[in-house]
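These notes concern the structure reproduced below.
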Amino acid sequence: MDVRRFEHGSRVPGWDSAVDLTKDPSSIPDPATTPVPEELRAEIEAAMAKYPDRRSAALPALHAAQRLHGWCSPEAIEQVACVMRLTPGYLSAVATFYDMFDTEPVGRNRVFVCTNISCSLCGADELYAAIKDAAGDDPDINVRKFECLGACDIAPMASVNGTYVGPLALEDVEPLIDDIRNERDPLPAKQLRYRANAGAAPSTPADSDETEDRSS
Amino acid sequence: MSQKLLFRDIDEPGLNTIDVYRRRGGYENLRKALAMPREAVLNELLASGLRGRGGAGFAMGKKVSFLPKGSMDVYLCCNADESEPGTFKDRELMQKNPHLLIEGIIIAAYAAGANKAFIYIRGEYQLQADILDAALAEAERAGYLGESILGSEHSLSLVVHRGAGAYICGEETALLDSLEGKRGNPRLKPPFPANQGLYQGPTLINNVETLATVPIIIGMGGEEYAKIGTETSTGTKLVSVSGHVKRPGNYEIELGIPAREIIYGLAGGPADGRRVKLWFPGGSSSPVLTEAELDLAYDFDTMAKAGSMLGSGAIIVVDDSTSVVDVAYKTAYFYRHESCGKCTPCREGTNWTVKMLERIKAGEATPMDLDIMASVCEQIIGNCLCVLGDAMAMPVGSMVKKFRSEFEEEIERRRQEAWAATTTPEPELPLIQGAVA
Chain R
0 MDVRRFEHGS
10 RVPGWDSAVD
20 LTKDPSSIPD
30 PATTPVPEEL
40 RAEIEAAMAK
50 YPDRRSAALP
60 ALHAAQRLHG
70 WCSPEAIEQV
80 ACVMRLTPGY
90 LSAVATFYDM
100 FDTEPVGRNR
110 VFVCTNISCS
120 LCGADELYAA
130 IKDAAGDDPD
140 INVRKFECLG
150 ACDIAPMASV
160 NGTYVGPLAL
170 EDVEPLIDDI
180 RNERDPLPAK
190 QLRYRANAGA
200 APSTPADSDE
210 TEDRSS
Chain E
0 MSQKLLFRDI
10 DEPGLNTIDV
20 YRRRGGYENL
30 RKALAMPREA
40 VLNELLASGL
50 RGRGGAGFAM
60 GKKVSFLPKG
70 SMDVYLCCNA
80 DESEPGTFKD
90 RELMQKNPHL
100 LIEGIIIAAY
110 AAGANKAFIY
120 IRGEYQLQAD
130 ILDAALAEAE
140 RAGYLGESIL
150 GSEHSLSLVV
160 HRGAGAYICG
170 EETALLDSLE
180 GKRGNPRLKP
190 PFPANQGLYQ
200 GPTLINNVET
210 LATVPIIIGM
220 GGEEYAKIGT
230 ETSTGTKLVS
240 VSGHVKRPGN
250 YEIELGIPAR
260 EIIYGLAGGP
270 ADGRRVKLWF
280 PGGSSSPVLT
290 EAELDLAYDF
300 DTMAKAGSML
310 GSGAIIVVDD
320 STSVVDVAYK
330 TAYFYRHESC
340 GKCTPCREGT
350 NWTVKMLERI
360 KAGEATPMDL
370 DIMASVCEQI
380 IGNCLCVLGD
390 AMAMPVGSMV
400 KKFRSEFEEE
410 IERRRQEAWA
420 ATTTPEPELP
430 LIQGAVA
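In order, the protein sequences belong to chains R and E.
For the first sequence, numbering that gives the first Met the number 0 begins at 0 and goes up steadily by one.
For the second sequence, numbering that gives the first Met the number 0 begins at 0 and goes up steadily by one.
Here you go:
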């Protein structure tokens with residue numbers, strides 16, 4: 000639902016979306032009437048067993064539900080609430096707090112482009128625009144700006160379904176989107192996991208060959 | 000130049016597996032620590048002078064000694080929610096040498112008397128969390144975790160807990176709330192986590208790098224470790240250098256070397272023909288320093304004396320091709336996004352600072368906005384439950400203070416550009432005489 004705005008752009012005070020006041024306050028879902036997929040139930044119960052307090056499993060449980068449903072849909076939250084014996088309201092409150100939980104339906108390929116200080120110094124804003132452009136209106140690709148992903152050494156970078164790739168030049172955008180569309184490993188040559196430690200090579204200032212060595 | 004402790008053989012293939020780690024002498028320090036009485040391990044930590052590597056720089060041994068004695072559940076949390084812009088040292092450490100961290104956690108838990116430990120890792124680090132999970136399973140199979148470790152009376156369970164993308168969860172009390180399955184809102188202090196932390200029990204919270212240093216200290220002895228670095232900033236530190244440098248990345252340095260040596264010597268400095276305009280010495284929440292301050296020694300106390308802080312050891316270099324207004328805007332925007340919204344000064348202050356910076360960029364600001372911005376920053380500092388608001392106010396405030404003339408110039412230039420874009424024929428008189436030639 001669109002947020003209503005004043006003419007000058009400010010948000011009209013109030014909630015982002017209307018609350019249905021005719022509904023009863025949600026209570027802990029009844030296991031008899033809430034079907035939960037078996038593997039999801041097992042995963043949540045295993046997570047709950049790890050902690051002294053079962054509520055600690057809220058984040059792992061929501062992660063599991065999001066993996067299964069694609070987003071934290073009301074149905075997904077209902078199922079987690081049923082297994083964890085919590086109200087859906089409590090879990091919605093948790094899910095809306097964290098950036099990685101989507102409370103609206105999104106494309107199943109998540110592309111997070113870091114646009115924080117270090118990355119934007121290296122051209123992340125142009126990169127984001129280019130990726131957004133290349134993805135077009137593909138409903139399966141969800142491109143979003145993200146605050147620091149903790150990989151400033153490969154700036155500008157992106158996280159493609161959890162895999163860090165960088166440094167990305169504008170020429171890398173087409174192959175990257177191509178890899179995502181064809182369900183391939185995104186740009187293996189640029190993945191963070193294969194990168195050597197920066198201090199490993201003997202450091203001689205202004206040695207340009209070395210810079211190339213490391214990025215290959 | 001400096002010795003490698005944490006990053007020794009960091010790129011050795013398979014170091015993340017227990018076999019290679021043990022071949023390199025891994026888990027020997029654990030054996031040594033468990034043979035010592037608990038107090039002796041604590042004394043080694045105190046003697047080492049190791050200061051927390053997460054940002055606050057609090058002495059680690061002292062933190063352990065604050066834990067109350069008695070028969071209650073003591074918890075240990077490893078803070079791996081590395082979200083400070085510019086910081087990526089823990090990522091590399093966990094990815095390439097997870098067992099060093101696990102060994103450190105076991106020894107620290109032994110010193111603290113904790114038998115339940117958690118690693119709170121940020122949700123975005125999926126690869127690193129998977130590696131930690133695998134390493135954990137290996138350590139468990141080898142008998143380093145679980146009941147009566149290596150035949151001693153010490154037992155420990157360790158859980159990797161994945162966050163879900165919230166910078167604030169790196170703040171220790173917000174981390175505890177998040178670990179308890181709540182929204183990550185900071186708590187009122189005191190009580191400090193050492194007394195009432197996770198599940199209301201005494202809790203020790205330390206950064207990844209701090210805990211990973213523990214086995215090294217046990218191995219070489221606290222006294223010996225204290226000889227590295229300066230008197231009050233002992234040991235080596237991982238620094239993450241990023242931004243406008245030729246070779247960004249993680250470097251292990253001995254504390255106390257000049258910052259110029261890190262930025263120019265190790266990271267190669269900015270591109271040819273460019274100069275350093277400003278640099279963040281310890282992540283985006285540290286007040287910025289200028290080119291003139293490049294020769295300062297890089298340690299906790301010198302940075303504090305220069306009006307900044309060592310923080311998490313993340314150096315972000317900005318060269319003279321970038322406008323300071325853009326840097327300030329990016330910084331403020333980040334904190335606005337990440338403010339949890341619990342305390343009014345932070346929630347509103349970050350928001351209004353961003354709005355004022357947007358006004359500057361749109362050519363609608365006046366120099367008075369700079370004064371308002373400075374006063375907003377002043378109102379935030381020290382008035383919130385945690386330091387997230389301060390973390391925006393300090394760098395932005397320092398940028399306005401140190402680069403005020405550039406801000407004024409930018410305000411004037413953008414105002415005139417905006418003016419020129421309108422159809423009004425006559426230009427307005429400049430607000431600041433002589434700011435723009």
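Cβ atoms here follow ideal geometry from the backbone N, Cα and C, with glycine treated the same way.
Return the chain-ordered list of same chain residues with a C-beta closer than 8 Å to the C-beta of Glu211(R), the five sequence neighbours on each side being excluded.
Locating residue 211(R) in the first sequence gives position 212, counting from the first residue. A caution first: Glu211(R) carries a pLDDT of 40, below 50, which makes its placement in the model unreliable, though a value can still be read off. Around Glu211(R): no qualifying Cβ.
Three CB pairs or more closer than 8 Å across the segment 165-176 of chain R and the segment 133-150 of chain E
no
Proximal chain E residues relative to Tyr97(R), where beta-carbon distance stays under 7 Å
Counting from 1 along the first sequence, the entry for residue 97(R) is found at position 98. In chain order: Ala163, Gly164 and Ala165.
At least one CB of chain R closer than 8 Å to the CB of Tyr198(E): is that the case?
Taking the first residue of the second sequence as 1, we reach residue 198(E) at position 199. Among the residues facing chain R, Tyr198(E) is included, as its CB has a counterpart in that chain under 8 Å away.
Tell whether a beta-carbon distance below 8 Å holds between Val79(R) and Leu61(R).
Locating residue 79(R) in the first sequence gives position 80, counting from the first residue. Locating residue 61(R) in the first sequence gives position 62, counting from the first residue. In contact: Val79(R) and Leu61(R) (Cβ atoms closer than 8 Å).
Along the segment 210-239 of chain E, where does the CB come closer than 7 Å to a CB of chain R? Name the residues.
Ser239
Is there contact between the segment 97-112 of chain E and the segment 70-82 of chain E, where contact requires at least three CB pairs shorter than 8 Å?
A contact exists between the segment 97-112 of chain E and the segment 70-82 of chain E.
Bridge partners for His336(E) per DSSP, in chain order?
Numbered from 1 along the second sequence, position 337 holds the residue referred to as residue 336(E). His336(E) pairs with nothing; no bridge assigned.
Report yes or no: do three or more beta-carbon pairs, one from the segment 110-125 of chain R and one from the segment 321-340 of chain E, lie closer than 8 Å?
These segments touch.
Length at least 3, wholly inside the segment 172-243 of chain E: the beta strand (DSSP E) runs in chain order:
202-206 and 235-242
C-beta neighbour in chain R for Glu43(E), strict 8 Å
Here residue 43(E) refers to the residue found at position 44 of the second sequence. Glu43(E) does not count as touching chain R.
Opposing strand residues paired with Asp298(E) [DSSP bridges]:
Your numbering for residue 298(E) matches position 299 in the second sequence. Bridge partners of Asp298(E): none, in fact.
With 16 other Cβ atoms within 10 Å as the buried cut-off, status of Met391(E):
Residue 391(E) sits at position 392 when you count from the first residue of the second sequence. That one is buried.
At the level of alpha carbons, what is the spacing between Pro174(R) and Cys151(R)?
Indexing the first sequence from 1 puts residue 174(R) at position 175. Indexing the first sequence from 1 puts residue 151(R) at position 152. Each residue's alpha carbon lies about 22 Å from the other.
Tell me which residues share the same chain as Arg30(E) and place their Cβ nearer than 8 Å to its Cβ, disregarding the 5 neighbours each side in the sequence.
As a first step, residue 30(E) must be located in the second sequence, where it is residue number 31. Leu149, listed in sequence order.
Given this structure, state the Cα-to-Cα distance separating Asp208(R) from Asp98(R), to the nearest angstrom.
Residue numbering aside, residue 208(R) sits at position 209 when the first sequence is read from its first letter. Residue numbering aside, residue 98(R) sits at position 99 when the first sequence is read from its first letter. Note that Asp208(R) has pLDDT 41, beneath the 50 cutoff, so the model's placement of it is unreliable and no number is given.
Which one or two residues does DSSP pair with Ser236(R) in a beta bridge?
Nothing can be reported for residue 236(R), as the shown portion of chain R is limited to 0 through 215.
Hey, is Glu179(E)'s beta-carbon within less than 8 Å of any beta-carbon in chain R?
The residue you call residue 179(E) lines up with position 180 of the second sequence. So, interface residue.
Check the Cβ of Gly88(R) against every Cβ in chain E and list those closer than 8 Å, keeping chain order.
Counting from 1 along the first sequence, the entry for residue 88(R) is found at position 89. Result: empty, since nearest Cβ-Cβ is about 12 Å, beyond 8 Å.
Quick one: list the residues of chain E neighbouring Ala56(R), beta-carbon separation under 7 Å, in chain order.
Position 57 of the first sequence, counting from 1, holds the residue named residue 56(R). Residues of chain E passing the Cβ test: Gly180.
Report buried or exposed for Asp18(E), applying the criterion of at least 16 other Cβ atoms within 10 angstroms of its Cβ.
Numbered from its first residue, the second sequence carries residue 18(E) at position 19. Exposed, because fewer than 16 other Cβ atoms sit within 10 Å of the Cβ of Asp18(E).
Can you give the Cα-Cα distance for Ile130(R) and Glu38(E), rounded to whole angstroms?
Your numbering for residue 130(R) matches position 131 in the first sequence. Your numbering for residue 38(E) matches position 39 in the second sequence. Distance between the alpha carbons of Ile130(R) and Glu38(E): 56 Å.
Answer yes or no: do Glu146(E) and Gly25(E) have a C-beta to C-beta separation smaller than 8 Å?
Within the second sequence, the letter at position 147 stands for residue 146(E). Within the second sequence, the letter at position 26 stands for residue 25(E). No.
Which residue's Cα is closest to the Cα of Glu251(E): Ala266(E), Val244(E), Asn114(E) and Leu187(E)?
Walking along the second sequence from the start, residue 251(E) turns up at place 252. Out of Ala266(E), Val244(E), Asn114(E) and Leu187(E), Ala266(E) has the C-alpha closest to the C-alpha of Glu251(E).
Beta-ladder partner(s) of Thr289(E), from DSSP
One-based indexing of the second sequence puts residue 289(E) at position 290. Answer by DSSP bridge pairing, in chain order: Leu277(E).
Option nearest Asn206(E) by Cα separation, candidates Pro257(E), Leu33(E), Ala417(E) and Ala55(E)
As a first step, residue 206(E) must be located in the second sequence, where it is residue number 207. It is Ala55(E).
Where the beta strand (DSSP E) containing Arg23(E) begins and where it ends:
Here residue 23(E) refers to the residue found at position 24 when the second sequence is read from its first residue. No beta strand (DSSP E) contains Arg23(E), which DSSP labels as neither H nor E.
Let me see if you follow: with CB-CB separation under 8 Å, is Pro59(R) close to chain E or not?
Residue 59(R) sits at position 60 when you count from the first residue of the first sequence. So, interface residue.
For a cutoff of 8 Å on Cβ pairs, would you count Pro190(E) as touching chain R?
Locating residue 190(E) in the second sequence gives position 191, where the first residue counts as 1. It does not; no Cβ of chain R falls within 8 Å.
Nearest by alpha-carbon distance to Thr343(E): which of Cys383(E), Gly112(E), Leu254(E) and Lys68(E) is it?
One-based indexing of the second sequence puts residue 343(E) at position 344. Looking at the Cα atoms, Cys383(E) is the closest of the given residues.
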